[in-house]
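Working notes, beginning with the structure itself.
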Amino acid sequence: MPASLGEHLRRRREELRASDPRYSVRQVAARVGLEPSYLSKIERGEQPPPSEESIRALAKDLREDPDVLLAMAGKISGDLQRIILKRPQLVAELLRDLKNLPDHAVLRLVREVRDGNW
Amino acid sequence: MIGLADDALCFSFAEVHPGARLRIEFQRTLRIPDDYRDYPLPPGLGCFPLRHTDDFAARVPRHWLEHGGVMLPMYQAEALWLNLTGEDLEDRDSSYPFAIRVATGKVDAVTGKAWVNGLEDDPQNYLVSPTQPWLDGYCVQRGVIRQFVAMPLGRGYSVEEQATGRAEHGGIQIQVFPMKREAFERRFPVRSRVRRRFDRMVFSKELQCGGPSAAMGLAPGGRMRQEIYGDPFELEDWDLTRTSRCFVHLVNSAMWKAMTGELPPTTPPSAADYSRAGLPWFDYYDESAKPADGSAVLRGLKSVFRLGEEKGDHSPGENEGAFTPRVVNLRRGLRPGQVREGGF
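Set out below in structure tokens:
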């Protein structure tokens, strides 16, 4: 089972802290604008994940991918929500179809510029 | 295949080599004066927006859908240049080489001949990346080009109309051929790490709209010093069996919003204002490359300003000469930090 967001954040922060003391709970919390006790509870899974904005700030500070952290928090970033809302059925179908494809096949899905007759 | 990324055409030939990737940007720039002087290279002011023609099927002319490809907005008498960048290959002395054909209104921009698919070497009808870092216009004589300048199709200015008498195609046509894998491995064996890259700064500009009419074609503008380099490889080094091509439609900026719902970029500054602001022009040297002769056909065409004067048409706009006291010299093998950008 994949790690929860809290566990993941703690592990990543501790990893960085091993070589840089600025990655204490207190200092990370200060940089991303959260209360240290709140961040500590998030890490222990005692609080639900914070807002998208806070997750993005944490991702930036911990040099993690914001989309990965948002997915772990069970959230979909605002820009993706807008993409889905534009064509909800089509995007849902597409994602279901992609479910079992290997990464290299998904990477081939970049849209091609169509060449016609000229 | 060709994809769109960050307003650039991205050609990739993964079946030939994983690093066989070429990025072509259409850079906004100022129009150089058309006053018989040979100007240095003007700056890049950021990319024109590029969109899939298919996405606006209901609002574009039907024959554009037949062409497929992409579209970008240009104001009347606005200029552009093509920025050709191969992907860095850390273990080779060169990015993957490509032969690139460029035509406007299906008239070859290098030879002035009518478009036919494929490569020819006498006269050479293609550019070679990475030897040629950019293309600013029509090759009219050795070391001199006339700038690509957009004019509404049907008004007689475009190279297509001057050369063929017809306003049929407009736009820009691009075809790319990768080097054969075997030739690449032989010419550029795996070596120490060499990085060749140049940074691109993109200027975001305030947006506005203005001007009339729809499809645009490119016409010859002022004269500029730029060499079109001969092919340093052999014609048989190019893989003619694998090629990608793209039709780039030029939409009058005044119609861009109606077609796409997006605002086009603003008009660039005049060359005179740009120079007065103390901003730089550029020259590029590659002593090791052999410049190609210009095309007699293209040399015989009339420039936008000259033709405007003959027709008594003032729509090409102002043509104030510019002094160019600040010229930045760039040399072959552009390094990170070597840019061709000016602010305004």
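For the record, the sequence lines run as chains A and B.
According to our numbering, the first sequence is numbered sequentially starting from 1428.
According to our numbering, the second sequence is numbered sequentially starting from 7.
Beta carbons: idealized from backbone N, C-alpha and C, even for Gly.
Let me check understanding here. Comparing Cα to Cα, which of B/40, B/125, B/133, B/36 lies closest to residue 28 of chain B? B/133
So residue 1438 of chain A contacts chain B; which residues on that side make the cut at Cβ distance below 7 Å? Correct list: empty, because the minimum Cβ distance to chain B is about 31 Å.
Test: residue 40 of chain B CB closer than 9 Å to a CB of chain E: The structure shown contains no chain E; its protein chains are A and B.
Those runs of the beta strand (DSSP E) which lie wholly inside the stretch 55-111 of chain B and span at least 3 residues: 76-80, 85-92, 104-110
From B/179, B/59, B/339, B/291, residue whose alpha carbon lies closest to that of residue 224 of chain B: B/179
When Cβ atoms are compared, which residues of the stretch 146-165 of chain B fall closer than 8 Å to chain A? none
Can you tell me which of the three DSSP states residue 15 of chain B falls into? strand
Which residues, in order along the stretch 63-74 of chain B, keep a beta-carbon less than 8 Å from a beta-carbon of chain A? 71, 72, 73, 74
Residue 1452 of chain A: first and last residue of the uninterrupted alpha helix (DSSP H) it sits in: 1452-1459
Of the residues B/257, B/30, B/335, B/47, the one placed nearest residue 231 of chain B, counting alpha carbons only: B/47
Cα separation between residue 1466 of chain A and residue 1515 of chain A? 34 Å
For residue 1501 of chain A, is the classification buried or exposed, using 16 other Cβ atoms within 10 angstroms of its Cβ as the cut-off for buried? exposed
Using a beta-carbon distance cut-off of less than 8 Å, what residues from the stretch 242-268 of chain B approach chain A? 250, 251, 252, 253
Cα-Cα separation, residue 35 of chain B to residue 285 of chain B: 13 Å
Skipping 5 residues on each side, what residues in its chain have a beta carbon closer than 8 Å to that of residue 67 of chain B? 220, 221
Mind the definition here: the stretch 261-274 of chain B touches the stretch 168-188 of chain B only if three or more C-beta pairs lie below 8 Å; say whether that holds. no
Cut-off 6 Å between Cβ atoms - residues of its own chain near residue 26 of chain B, not counting five sequence neighbours on either side: 19, 102, 184
Beta-carbon proximity of residue 82 of chain B to residue 321 of chain B, cut-off 9 Å: yes
Interface residues of chain B facing residue 1539 of chain A [CB-CB closer than 8 Å]: 7, 8, 9
Close-in-space but distant-in-sequence residues of the same chain around residue 1504 of chain A (CB under 6 Å, 5 per side omitted): 1497
Distance, Cα to Cα, residue 250 of chain B vs residue 75 of chain B? 11 Å
C-alpha distance - residue 319 of chain B paired with residue 1513 of chain A, whole-angstrom precision: 46 Å
Cβ of residue 113 of chain B less than 9 Å from any chain A Cβ? no
Excluding sequence positions up to five away, which residues of its chain have a Cβ less than 6 Å from the Cβ of residue 277 of chain B? 36, 38, 39, 328
In its own chain, which residues sit with a C-beta less than 7 Å from the C-beta of residue 44 of chain B, not counting the 5 before and 5 after it? 150, 229, 230, 231
Output yes or no for whether 9 Å exceeds the beta carbon distance between residue 242 of chain B and residue 295 of chain B. no
If you reduce the DSSP assignment to three classes, tell me which class residue 259 of chain B lands in. helix
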